[in-house]
Structure formats: C-alpha cells, structure tokens
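Structure first, commentary second.
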Amino acid sequence: MTPKSLMGKADTPQEVELKKNFDTVMKRTTQLSLCITTEDAFASPENTLPLPELHDFFGYELNEYWL
1 MTPKSLMGKA DTPQEVELKK NFDTVMKRTT QLSLCITTED AFASPENTLP
51 LPELHDFFGY ELNEYWL
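All residue numbers for the sequence shown refer to full-length UniProt numbering, where the first residue is 1 and numbers rise by one.
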C-alpha cells in the first residue's frame, strides 16, 4: 500500500523525511516499471473479489499517486 506520507499526509518527522526523499528520487526518475502482485484465494476464488485493499489501490491510489 502507498504510505500516507506520500499522499500528502506526512505528520511525523520520519514521514516528512520519507516524502522529501521520495520526491527527490521521483524528480530524477526517467523510467519506471511496476510489477503488480495480487492476493488470490485459490481455495475459494469467490472470496478474492471483496478484498478491499485491491479496490482501494487499483481504483484510486495507483492512478493518483503512481501513474
């Protein structure tokens, strides 16, 4: 999941430092590859669909903060 400090909600000194370092790296990045891994419930595939983490990340965070 995307750390909250990268989404503009840095509260602690560590989170502020992480955001600063991340922004510095992203300014120098010319190419970015993303390998996506998901959790699947192979024993009961019907339970894979309601995993909220998948919907939160792919539905909003991926577009807003990474692409």
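Glycine included, every Cβ here is placed at the ideal spot set by N, Cα and C.
Q | Alpha-carbon spacing of Met7 relative to Ser44, whole angstroms | A | Met7 and Ser44 have their alpha carbons spaced roughly 34 Å apart.
Q.
Going by DSSP in three states, Gln31 sits in which element: helix, strand or coil?
A. In this structure, Gln31 counts as coil in the three-state DSSP scheme.
Q: Quick one: grab the DSSP three-state call for Ser5.
A: If DSSP states are grouped into helix, strand and coil, Ser5 belongs with the helices.
Q.
In whole angstroms, give me the CA-to-CA distance for Glu15 and Lys4.
A. As the crow flies, the alpha-carbon of Glu15 is around 8 Å from that of Lys4.
Q.
Suppose you measure from the CA of Glu17 to the CA of Glu64; what does that come to, to the nearest Å?
A. Near 21 Å, if we compare the C-alpha coordinates of Glu64 and Glu17.
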